[in-house]
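Novice: Questions regarding the structure given below will be posed in turn.
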Amino acid sequence: MNRTGLRSFSIIGSPLVATSTQLRTRRGVTWRVLFLTLYCWITATNVALAEEESAPDEAPPRGSLVIIGGSERFNHREYWDEIVELAGGPGARIAVFPTASGDPVKKGGWVISALNKAGADAFLVPVAWKTLTMTPQVAVSDPDLVAQVREATGIFLIGGEQDKIVKALFTPEGEHTLMLDAMWEVYRKGGVIAGTSAGAAVMSRVMFRDAESVLETMVKGVRWGKEIDRGLGFLDGEWFVDQHLFVRGRFARTLVAMQNQGFKYGIGVDENSAVIVTKGKDVRVIGYKGALVLDLSRAEHDPNLGQFNIKNARLTYLDRGDRFDLKTMEVKPAQEKLDDEKLDPNSPEYRPGLRRPLFYNDILSNTTVIDLMGTLMESVSPVATGLAFDGHAARKHPVDGFEFKFSRDNDSVAWYTETYGGDDYTVVNIRLDIRPIKIEGPLYDREK
Numbered sequence: 447m448n449r450t451g452l453r454s455f456s457i458i459g460s461p462l463v464a465t466s467t468q469l470r471t472r473r474g475v476t477w478r479v480l481f482l483t484l485y486c487w488i489t490a491t492n493v494a495l496a497e498e499e500s501a502p503d504e505a506p507p508r509g510s511l512v513i514i515g516g517s518e519r520f521n522h523r524e525y526w527d528e529i530v531e532l533a534g535g536p537g538a539r540i541a542v543f544p545t546a547s548g549d550p551v552k553k554g555g556w557v558i559s560a561l562n563k564a565g566a567d568a569f570l571v572p573v574a575w576k577t578l579t580m581t582p583q584v585a586v587s588d589p590d591l592v593a594q595v596r597e598a599t600g601i602f603l604i605g606g607e608q609d610k611i612v613k614a615l616f617t618p619e620g621e622h623t624l625m626l627d628a629m630w631e632v633y634r635k636g637g638v639i640a641g642t643s644a645g646a647a648v649m650s651r652v653m654f655r656d657a658e659s660v661l662e663t664m665v666k667g668v669r670w671g672k673e674i675d676r677g678l679g680f681l682d683g684e685w686f687v688d689q690h691l692f693v694r695g696r697f698a699r700t701l702v703a704m705q706n707q708g709f710k711y712g713i714g715v716d717e718n719s720a721v722i723v724t725k726g727k728d729v730r731v732i733g734y735k736g737a738l739v740l741d742l743s744r745a746e747h748d749p750n751l752g753q754f755n756i757k758n759a760r761l762t763y764l765d766r767g768d769r770f771d772l773k774t775m776e777v778k779p780a781q782e783k784l785d786d787e788k789l790d791p792n793s794p795e796y797r798p799g800l801r802r803p804l805f806y807n808d809i810l811s812n813t814t815v816i817d818l819m820g821t822l823m824e825s826v827s828p829v830a831t832g833l834a835f836d837g838h839a840a841r842k843h844p845v846d847g848f849e850f851k852f853s854r855d856n857d858s859v860a861w862y863t864e865t866y867g868g869d870d871y872t873v874v875n876i877r878l879d880i881r882p883i884k885i886e887g888p889l890y891d892r893e894k
């Protein structure tokens, strides 16, 4: 194939060949018209062939991702059974990478034990930054280790510091190591890539690297190579991933990174919860809580304000058992919720019962945002307000903060059930506007 021009092949003897006289006179068509037709046919053929040749490289991986938000329970069999099944079932060879951990042998051993109890034949890959005999640079190029990983049907990346994973699996020049290529081969052939905490953060092409608190991230923003950096990119490139989401209030920092890097979509997973991604798009939620989908495709911001701000971000909460399509953004709630109660503001049967004002002094606290989203769908008021600020500093003087305005509109809908033993919601399309504010301190006076 000639990559610089038309495909090099002969058309002599083909039905397309004609004499010059025929080209000039046949059915009154000029030779120029026929020549142009022939040229266009050859060009179109080359384009089609080039697309066919490039298609295998662009085809979505056949494998699955298990993105765990951190703090998974080793006695919670659901995660481990799912990973083993996706890796091929009993006896599946699963390579465990303890690269992010400060105690790789101990922590890696815990994961191997959990996987083997679920029927796997898991093994430790000695790519780590301490307590192992082989340096990461040597390990990721070792032919025997690379071959073992390539022949596996599953990969597990344990938690710790995600920067250690990326630093080990890319060369100093930013190229793939042999080990990273082997991991991608496992994924493309139909294997499973699982990761928890740091191992979840590296799933997207951009990740949080070493960020400060959520509030500090909102105030100061993010910088490439500091707070954010490249990830391994296993998930669709349009999506950003974050973890420990609800427990640590990280949904707000996720919005900062997405806006900074131009991501339209993000998904954040809570602790002891996971999203399973198959066929590059089909999402299923398992575990204790769930995940938040962040949609900035219609969002706006005002750069003149000087601090982080956003209008019309859209939030969707996916609970355990729910399904979601990364391409169509379609939500399918768990059957238990479909069989129970639907909360639709457009329905004549919609009867919200809560009448108290919805105001939250610390929107970044543990699980507050998902509690708010569910409550908002049950409330007479279509608006809820939350604040984020440094309460300790505000005891003494004015401080910068942020106002979060959550709105329910005609696009918002939710499903609810108590069949799991508590209040469980699936909430779709809540609008979020964030703007910087000043908290006038001192916040309060203590009685002497």
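Residue numbering for the sequence shown follows the working numbering, starting at 447 and increasing by one per position.
Think of the CB as a built atom: it goes at the ideal place given N, C-alpha and C, for glycine as much as any other residue.
Just so it is clear, the structure is predicted and the values come from calculations on it, not from any experiment.
At which residue ranges does the stretch 614-674 contain complete beta strand (DSSP E) runs of 3 or more residues, listed in the order of the chain?
Specialist: 638-642, 652-654
Novice: Are the CB atoms of I809 and P844 nearer to each other than 8 Å?
Specialist: Stepping through the sequence shown from its first residue, residue 809 is reached at position 363. Stepping through the sequence shown from its first residue, residue 844 is reached at position 398. I809 is not a Cβ neighbour of P844, given a cutoff of 8 Å.
Novice: Using only CA atoms, which one of Q707, A640, A574, G620 lies nearest to G515?
Specialist: As a first step, residue 515 must be located in the sequence shown, where it is residue number 69. Measuring from the Cα of G515, the nearest candidate turns out to be A640.
Novice: Please go through the same chain and pick out, in chain order, the residues whose beta-carbon is closer than 8 Å to the beta-carbon of P502, but skip the five residues on each side of it.
Specialist: Here the question's residue 502 lines up with position 56 in the sequence shown. Because P502 carries a pLDDT of 38, less than 50, the predicted location of this residue cannot be relied on, and no value is offered for it.
Novice: Write down the C-beta distance between V873 and G820 rounded to the nearest angstrom, noting that I regard them as a contact closer than 8 Å.
Specialist: Counting from one through the sequence shown, the residue named residue 873 turns up at place 427. Counting from one through the sequence shown, the residue named residue 820 turns up at place 374. Indeed, because the Cβ distance is near 6 Å, the residues count as touching under 8 Å.
Novice: Cutting at 7 Å between CB atoms, please list the residues of its own chain near E631, excluding the five before and the five after it.
Specialist: In the sequence shown, residue 631 corresponds to position 185, counting from 1. Within the same chain, E631 has close Cβ partners R596.
Novice: Return the first residue and the last residue of the beta strand (DSSP E) that R760 is part of.
Specialist: Locating residue 760 in the sequence shown gives position 314, where the first residue counts as 1. That run of the beta strand (DSSP E) goes 756-765.
Novice: Return the chain-ordered ranges of every beta strand (DSSP E) run that is complete within the stretch 776-809 and spans a minimum of 3 residues.
Specialist: Runs found: 787-789.
Novice: With C-beta atoms as the reference, is S547 less than 8 Å away from G605?
Specialist: Locating residue 547 in the sequence shown gives position 101, counting from the first residue. Locating residue 605 in the sequence shown gives position 159, counting from the first residue. Closer than 8 Å, so yes.
Novice: Give a yes or no on whether the C-beta atoms belonging to V542 and V571 are separated by under 8 Å.
Specialist: Within the sequence shown, residue 542 is the residue found at index 96, counting from 1. Within the sequence shown, residue 571 is the residue found at index 125, counting from 1. Yes, the pair counts as a contact, with Cβ atoms nearer than the cut-off.
Novice: So, for G535: in the same chain, excluding its five sequence neighbours on each side, which residues have a beta-carbon less than 8 Å away from its beta-carbon?
Specialist: Numbered from its first residue, the sequence shown carries residue 535 at position 89. Cβ neighbours of G535 beyond the five flanking positions: G565.
Novice: Just to confirm before moving on: does the CB-CB distance between G726 and D768 stay below 8 Å?
Specialist: Along the sequence shown, read from residue 1 onward, the residue named residue 726 stands at position 280. Along the sequence shown, read from residue 1 onward, the residue named residue 768 stands at position 322. Going by beta carbons, G726 and D768 fall outside the 8 Å limit.
Novice: What residues are listed by DSSP as bridge partners for E849?
Specialist: Here residue 849 refers to the residue found at position 403 of the sequence shown. L833, R881, per the DSSP bridge assignment.
Novice: Quick check on the DSSP output: the alpha helix (DSSP H) that includes I540 runs from which residue to which?
Specialist: Counting from 1 along the sequence shown, the entry for residue 540 is found at position 94. Careful: I540 lies outside any alpha helix (DSSP H), inside the beta strand (DSSP E) at 539-543.
Novice: Please report the distance separating the alpha-carbon of P888 from that of G837.
Specialist: Taking the sequence shown and counting its residues from 1, one reaches residue 888 at position 442. Taking the sequence shown and counting its residues from 1, one reaches residue 837 at position 391. Straight-line Cα distance between these residues: approximately 10 Å.
Novice: Could you give the DSSP three-state label for Y734: helix, strand or coil?
Specialist: Position 288 of the sequence shown, counting from 1, holds the residue named residue 734. Three-state DSSP puts Y734 in coil, outside helix and strand.
Novice: Taking the alpha carbon of L784 as the reference point, which residue from A657, T863, T813 has its own alpha carbon closest?
Specialist: Locating residue 784 in the sequence shown gives position 338, where the first residue counts as 1. The shortest Cα separation from L784 among A657, T863, T813 belongs to T863.
Novice: Could you name the residues of the same chain whose beta carbon sits closer than 8 Å to that of V584, not counting the 5 residues immediately before and after it, in chain order?
Specialist: As a position in the sequence shown, residue 584 is number 138, starting the count at 1. Cβ within range, chain order: n/a, list empty.
Novice: In its own chain, which residues sit with a C-beta less than 6 Å from the C-beta of V721, not counting the 5 before and 5 after it?
Specialist: Numbered from its first residue, the sequence shown carries residue 721 at position 275. Taken in chain order, the residues that qualify are I513, V715, V729, V731, A737.
Novice: Please report the straight-line C-alpha distance between G679 and D771, rounded to a whole angstrom.
Specialist: For this step, residue 679 is matched to residue 233 along the sequence shown. For this step, residue 771 is matched to residue 325 along the sequence shown. So the two alpha carbons sit approximately 18 Å from each other.
Novice: Going by CA-CA distance only, name the one from P828, H522, G645, N562 that's closest to G677.
Specialist: Position 231 of the sequence shown, counted from the start, is the residue given in the question as residue 677. Nearest C-alpha to G677: G645.
Novice: Could you check the C-alpha separation between R892 and L804 for me, to the nearest Å?
Specialist: Walking along the sequence shown from the start, residue 892 turns up at place 446. Walking along the sequence shown from the start, residue 804 turns up at place 358. Taking C-alpha positions only, R892 is separated from L804 by approximately 26 Å.
Novice: Counting only the same chain and skipping the five closest in sequence on each side, list residues whose C-beta sits under 7 Å from that of S825.
Specialist: By 1-based counting over the sequence shown, the position of residue 825 is 379. Answer for S825: P798, L800, L804, listed in chain order.
Novice: Roughly how many angstroms lie between the CA atoms of R523 and L591, to the nearest whole one?
Specialist: Counting from 1 along the sequence shown, the entry for residue 523 is found at position 77. Counting from 1 along the sequence shown, the entry for residue 591 is found at position 145. Spanning the two alpha carbons is a distance of roughly 28 Å.
Novice: Considering Cα atoms alone, identify which of S719, D656, R877 is closest to R519.
Specialist: Here residue 519 is taken as the residue at index 73 of the sequence shown, counted from 1. Looking at the Cα atoms, S719 is the closest of the given residues.
Novice: Based on Cα-Cα distance, which residue from V829, R669, T724, E619 lies nearest to N856?
Specialist: Counted from its first residue, the sequence shown places residue 856 at position 410. Cα-wise, what sits closest to N856 is V829.
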